[in-house]
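Residue numbers (our numbering): 72 to 272. Worksheet: the structure to be examined is printed underneath.
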């Protein structure tokens, strides 16, 4: 199993590499400070953090699994990353090596690994929009806008993506805010997670 480690902390990355290489399993790990240093290395996994994930995404093969190392990120930060990137697993930086290896096996089998308590915390982060989610009160366009707002896009960019005017985006947002009784764009992040993962609401 080939693992590329690209963390902001070079020291932490190299420590993880050494730990994995000492294990009896056939791990081939490489820690790099810059994803471009991995040229010619075709990993099964890329382990990243919130600082390096944006740089690694354009370089990785679609079949490569991305595991995010969570170093005290907020629920909103985690949710935004899950909505913005193809992340196959989220692991706390305090995870012990046994659980880390188990997570790799689960992700390798095609499943998503996220701590259940973290998922519940995200999707139950406030009651904003809870009744609207269960009532199916959002139109397809409103759901699309909720997802795009949660990824940090401006009204102008959302309009360009959906081929509608910026004013139309504002109109949809006004309706969404009325339905959910919220007033800030940031409050749409947990709502987007609820829409994407209804089984946890």
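Cβ atoms here follow ideal geometry from the backbone N, Cα and C, with glycine treated the same way.
(request) Taking only the alpha-carbon atoms, compute the straight-line gap between residue 84 and residue 90 and give it to the nearest angstrom. (result) Locating residue 84 in the chain shown gives position 13, where the first residue counts as 1. Locating residue 90 in the chain shown gives position 19, where the first residue counts as 1. Distance between the alpha carbons of residue 84 and residue 90 is about 10 Å.
(message) For residue 125 and residue 163, what's the separation of their Cα atoms in angstroms?
(response) Translated into positions along the chain shown, residue 125 becomes position 54. Translated into positions along the chain shown, residue 163 becomes position 92. Residue 125 and residue 163: Cα-Cα distance of roughly 19 Å.
(message) Once DSSP output is grouped into helix, strand and coil, what is the label at residue 89?
(response) For this step, residue 89 is matched to residue 18 along the chain shown. Reduced to three states, the DSSP call for residue 89 is helix.
(request) Quick one: give me the first and last residue of the beta strand (DSSP E) that residue 141 is part of. (result) Within the chain shown, the letter at position 70 stands for residue 141. Segment 136 to 141, the beta strand (DSSP E) holding residue 141.
(request) Please report the Cβ distance between residue 246 and residue 215, rounded to the nearest whole angstrom; I am assuming they are in contact, meaning their Cβ atoms lie under 8 Å. (result) Start at 1 with the first residue of the chain shown, and residue 246 comes out as number 175. Start at 1 with the first residue of the chain shown, and residue 215 comes out as number 144. Contact doesn't hold; Cβ gap of about 13 Å is too wide.
(request) Rounded to whole angstroms, what's the CA-CA distance from residue 137 to residue 112? Just pull it up for me. (result) Residue numbering aside, residue 137 sits at position 66 when the chain shown is read from its first letter. Residue numbering aside, residue 112 sits at position 41 when the chain shown is read from its first letter. For residue 137 and residue 112, the distance between alpha carbons rounds to 15 Å.
(request) May I have the straight-line CA-CA distance separating residue 96 from residue 77, to the nearest angstrom? (result) In the chain shown, the residue the question calls residue 96 occupies position 25. In the chain shown, the residue the question calls residue 77 occupies position 6. The straight-line gap from Cα to Cα measures roughly 21 Å.
(message) Going by DSSP in three states, residue 144 sits in which element: helix, strand or coil?
(response) As a working note, residue 144 is residue 73 in the chain shown. Residue 144 falls in the coil class under three-state DSSP.
(message) Restricting to Cα atoms, I'd like to know which of 219, 75, 141, 166 is closest to residue 132.
(response) Taking the first residue of the chain shown as 1, we reach residue 132 at position 61. If we check each option's Cα against that of residue 132, 75 comes out closest.
(request) Kindly indicate the opening and closing residues of the alpha helix (DSSP H) around residue 260. (result) Residue numbering aside, residue 260 sits at position 189 when the chain shown is read from its first letter. Here the alpha helix (DSSP H) through residue 260 covers 259 to 267.
(message) Taking 7 Å as the limit between beta carbons, can you name the residues of its chain near residue 183, skipping five residues before and five after?
(response) Numbered from 1 along the chain shown, position 112 holds the residue referred to as residue 183. Cβ within range, chain order: 159, 160.
(request) Could you check the C-alpha separation between residue 228 and residue 149 for me, to the nearest Å? (result) Taking the chain shown and counting its residues from 1, one reaches residue 228 at position 157. Taking the chain shown and counting its residues from 1, one reaches residue 149 at position 78. Each residue's alpha carbon lies about 22 Å from the other.
(message) Using 9 Å as the threshold, is the C-beta distance between residue 154 and residue 240 below it?
(response) As a first step, residue 154 is located in the chain shown; it is residue number 83 there, counting from the start. As a first step, residue 240 is located in the chain shown; it is residue number 169 there, counting from the start. No, they are not a contact pair.
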